[in-house]
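**Student:**
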Amino acid sequence: MNEQIEYDFQAIQDKWQPVWQELKPFEVQNEPGDKPRKYVLDMFPYPSGDLHMGHAEAFSMGDVLARYWRGQGCEVLHPIGWDSFGLPAENAAIKRGVDPKEWTYANIAQQKASFKTYAPSFDWSRVLHTSDPEYYRWNQWIFLQMFKRGLAYRKDSWVNWDPVDQTVLANEQVLADGTSERSGAVVVKKKLTQWYFKITEYADRLLDDLDKLEGRWPAKVLQMQRNWIGRSRGAEVDFEVEGRAEKVTVFTTRPDTLHGVTFMVVAPDSDLAAELAAGASAEVQQAFSAYLEQTQRQTEIERQAADREKTGVFLERWAINPVTGERLPIWAGDFVLADYGHGMVMSVPGHDPRDMEFAKKFGLPIRQVLAVRDADGELLPDPAESFEALVGDGEMINSGALNGLRKDAAIAQQIAELEAAGTGRAATTYRLRDWLISRQRYWGTPIPVLHGPDGQMQPVAEDQLPVRLPDAAGLDLKPKGSSPLGAATAWATVTMPDGTEWQRDPDTMDTFVDSSWYFLRFFDPHNSEKAFDSAVANSFGPVDQYVGGVEHAILHLLYARFVTKVLHDLGHIDFDEPFTELLNQGMVLLDGAKMSKSKGNLVEFAEQLQQHGADALRVALVFAGPPEDDIDWKDISVQGSAKFLARAWRLSRDVTSAAGVDFAAGDSKLRSHTHRLLAEVPELVENFKFNVVVARLMEQVNVTRKAIDSGAGAADPAVRESVEVIALMLNLFAPYCAEDMWANLGHEPTVALATWPQADESLLVEDTVTVVVQVDGKVRDRLELAAAVSEEEATAAALASERVAQNLEGREIVKVIVRLPKIISIASKPAA
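Residue numbering for the sequence shown follows the working numbering, beginning at 10 and increasing consecutively.
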């Protein structure tokens, strides 16, 4: 035996890193081979500094799956790159007085070095950085394809404005509390001319195709996307407005309640409100102006809070109900949003709590058109008397031809009447809004559009791409509300063939454009002619397994799904969903809180790596719990994992049988244990039960050590078989230790490319079972019995046990409960 030799993780890391560097075992060729292909992808990192513990956990999870599929005989694409444009790098560079490019690429170099030590099985030949012109050229190409198809457009609108970072935000980048996910500042509204991608054109497909992902993506992610898209079916109703030639179209999910409309409310920050207010008295115009200013200081979350007191201004204008002909007063109210429907709602206070609050506040009429009963069948009181809105289903009343109908039938009939009269139509609306992609910052992809002296617009020709960022030297990058690129005069000014001077668009693209298609560029990252080769993309894609944080459940995943569908429709790829399976890992906490450098509760990745080594850290993180659960660092034992790895490694030095020995000649009991492991682990891995796999390996190490020390010894072929299987499986979690074990067993590198043996079905049949015998709740013996033992035989064996008999001395058996093959429980009492 060789147990006197110490397990030295640093020496083993130093030994194998150069070998792997030379062998390049994880590089994959684009030309298909004989093996089935798998594409495993981790959400690529942002280079804000060195890797942290969140990275350590996430990338260990993805690597388990990549290494597992190689062990199953697959050719696995597992690439890495950096999401390297964006505000954090730009803000950090401004703070330090350096070029964002310099800051970004220095951090990438640091993260790359840390990755090399941590040893995920990446194909390092496919590295990409989204801030490279060779990459963002294709962002611009995608923009141009969108523009040609009418999916990229520019318009004036009220946008979400981050007052700290001085840039606009997409709706998805505003958190539930109304703050910026970037800076944490309270987001305000500002009117600007901006670029959008028309994601709403794909709303139905984005929603309906979530059904394809059921059981493959976490249920909560699917629900979050469904809620965000927020499809509502109902009707568009055209209301005349006195003194206005054009009708105003209103969307409602309850056209059956049109007889109950008593007033209209328009969003104060909509163009319609400004137009209507302009026709009112000077006093109302002044009140409206003050109200609009007040509204603009509030977040959308505040405006829509259910418990907030309703406010509003009567605009001295009237709409006409197309069903009843009734004149309806028009109010401006901040609980209505400018980008919902058409910026105006019809108010039915008798059957909508929000409208009821508004009506009570301003003394507006309340009319009941729905008779609703309680659980006992009793009619609920008229809302005009109770001041409680009646919601839900019921029988229509006070509604002409709709009287007596229930909700669905009444909606259908009312829509039919509207369509017949030409005053409305069935319609669908969505919570989803078009994707605002322009940003007023430097460190991003320039938008490839030119603006002429007379307001003309012209896309940059594809053969003129990329439109490169100008050098940052000499530019003031501090956020100031307009893009720094506008001040780069030499860059921004383009002289056309006719001698006129045009200006480049000064904005850059949202970095979620970068990450919406990066998984496609990995297929063909060095292609200078195309974003990717379609044949290669269809050979590898879509991504079989995607791994990353649930914080990207809406933003990134929704945008990636949209861009994939557009590229599919343009004929560039055969698939229209990017990620077949999704695994969301939890967070690594410290004392129950998210780690933060600013809060001083940070466990440094580099320190743990230096102190314990990559393998021990990886095993500890995987073993701490199910991947989707948050784990607390105080509950993690890296030292314990290091001790386990040392025990496993020593097994490989103790084996004395030769490589290639006939395993069938080995101890059958150990072989059965080994093959049960081979049979169980694939299902465990594919169900993401990585921590259970580590537990099984720990058990196998202990069983094998026992066989060496008390069985046939280190020369037993079954011992070699067990240790080889341990090395193959340990490769999922601890690649250095596994590789060294593989070499100690006489094999050439690399264990990561060795195919796992299949479980021998004949060895899975258990000849004996271990039955635990309890007396009065305490374990008194463990019996090895035939697997086919009967309850009577098992009971007899238990009572014949000397240790059981000793514990029953002077006692009377009350009951014997037999639960084969696990346990026999004997209850007793003192003998009379």
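Note that CB positions come from ideal geometry on N, CA and C, so glycine has one too.
#1: Please work out which residues of its chain come closer than 7 Å, Cβ to Cβ, to A736, disregarding the five sequence neighbours upstream and downstream, and give them in chain order.
#2: Nearest-angstrom Cα distance between H913 and S524?
#3: Going by C-alpha to C-alpha distance, which of D218, F549, T804, W765 sits closest to V780?
#4: In chain order, what residues of the same chain lie with their CB nearer than 8 Å to the CB of A569, ignoring the 5 residues before and after it?
#5: Span of the beta strand (DSSP E) holding L178?
#6: Residues in the same chain with beta-carbon distance under 6 Å from N11, minus the five sequence neighbours each way, listed in chain order, please.
#7: Take W170 and list the residues in its own chain whose beta-carbon comes closer than 7 Å to its own, dropping the five residues that flank it on each side.
#8: Can you tell me the Cα-Cα spacing of S93 and S719, whole angstroms?
#9: My assumption, with CB atoms under 8 Å, is that I339 sits in contact with V275. Please give the rounded CB distance.
#10: Pick from W167, L388, G95: whose alpha carbon is nearest that of E309?
#11: Taking contact to mean at least 3 C-beta pairs separated by less than 8 Å, is the segment 112-123 in contact with the segment 537-550?
#12: Please say whether R789 and A798 have beta carbons closer to each other than 7 Å?
#13: Can the beta-carbon of S447 be found less than 7 Å from the beta-carbon of Q648?
#14: At the level of alpha carbons, what is the spacing between S852 and W658?
#15: By the three-class DSSP mapping on this structure, what secondary structure does S771 have?
#16: Excluding the 5 residues preceding and the 5 following D519 in the sequence, name in chain order all residues of the same chain whose CB lies nearer than 8 Å to its CB.
#17: What is the DSSP secondary structure of A228, counted as helix, strand or coil?
#18: State the DSSP-derived secondary structure class of K319, mapped to helix, strand or coil.
#19: Going by DSSP, which residues form a beta bridge with H684?
#20: Would you say A435 and I424 are within 7 Å of each other, going by their C-beta atoms?
#21: May I have a chain-ordered list of the beta strand (DSSP E) segments no shorter than 3 residues that lie completely inside the segment 252-298?
#22: Look at S847 and R627 and say whether their C-beta atoms are less than 7 Å apart.
#23: Between which two residues does the alpha helix (DSSP H) carrying I833 extend?
#24: For G431, count the other beta carbons within 10 Å of its own beta carbon; 16 or more makes it buried, fewer makes it exposed. Which is it?
#25: Do V734 and T777 have their C-beta atoms within less than 7 Å of each other?
#26: Out of V575, Q26, Y451, which one is the CA nearest neighbour of P515?
#27: Might you give, ordered along the chain, the residues of its own chain that have their beta carbon closer than 8 Å to the beta carbon of D639, omitting 5 neighbours on each side?
#28: Just to confirm the assignment, what range does the alpha helix (DSSP H) spanning M856 have?
#29: Within the same chain, show all residues whose beta-carbon is closer than 8 Å to that of A840, passing over the 5 residues directly before and after it, in chain order.
#30: Using a Cβ cut-off of 7 Å (strictly closer), state whether V827 contacts chain D.
#31: By Cβ distance, which residues of its chain are closer than 6 Å to K207, with the 5 residues on each side in sequence left out?
#32: Which residue's Cα is closest to the Cα of D247: T333, D348, E811?
#33: Taking A723 as the reference, give the member of A668, D769, M707 with the closest Cα.
#34: From the DSSP output, in three-state form, read off G386 for me.
#35: Specify the secondary structure class of M155 as computed by DSSP and reduced to three states.
#36: For I826, which residues does DSSP report across the bridge?
**Tutor:** Walking through what the data contain:
#1: S661, A747, M750, W751, L754, V760
#2: Summary: the structure shown does not reach residue 913, with the chain confined to residues 10 through 841, and so no result is reported for it.
#3: T804
#4: S524, S525, W526, F528, P587, F588
#5: 176-178
#6: Bear in mind that a pLDDT of 48 at N11, under 50, signals an unreliable position, so the number given afterwards is only what the model happens to contain. Answer for N11: R662, listed in chain order.
#7: V177, V196, V197, K198, K199
#8: 57 Å
#9: 6 Å
#10: W167
#11: no
#12: Residue identity differs from the one stated: residue 798 is Val in this sequence, not Ala. No, these two residues do not count as a Cβ contact at 7 Å.
#13: no
#14: Residue coverage of the chain in this structure runs from 10 to 841, which leaves residue 852 outside it and unanswerable.
#15: helix
#16: A179, W444, L445, I446, S447, R448, G453
#17: helix
#18: coil
#19: According to DSSP, which records beta bridges pairwise, H684 is partnered with nothing at all.
#20: yes
#21: 257-261, 272-275
#22: Any property of residue 847 remains undetermined from this structure, which presents the chain solely from 10 to 841.
#23: Segment 832-839 is the beta strand (DSSP E) holding I833; no alpha helix (DSSP H) there.
#24: exposed
#25: no
#26: Y451
#27: G595, M596, V597, L598
#28: As displayed, the chain neither begins before 10 nor continues past 841, which places residue 856 out of reach and without an answer.
#29: G819, R820, E821
#30: Looking for chain D here will not work: only one protein chain is present.
#31: L160, D443
#32: T333
#33: A668
#34: coil
#35: helix
#36: S834
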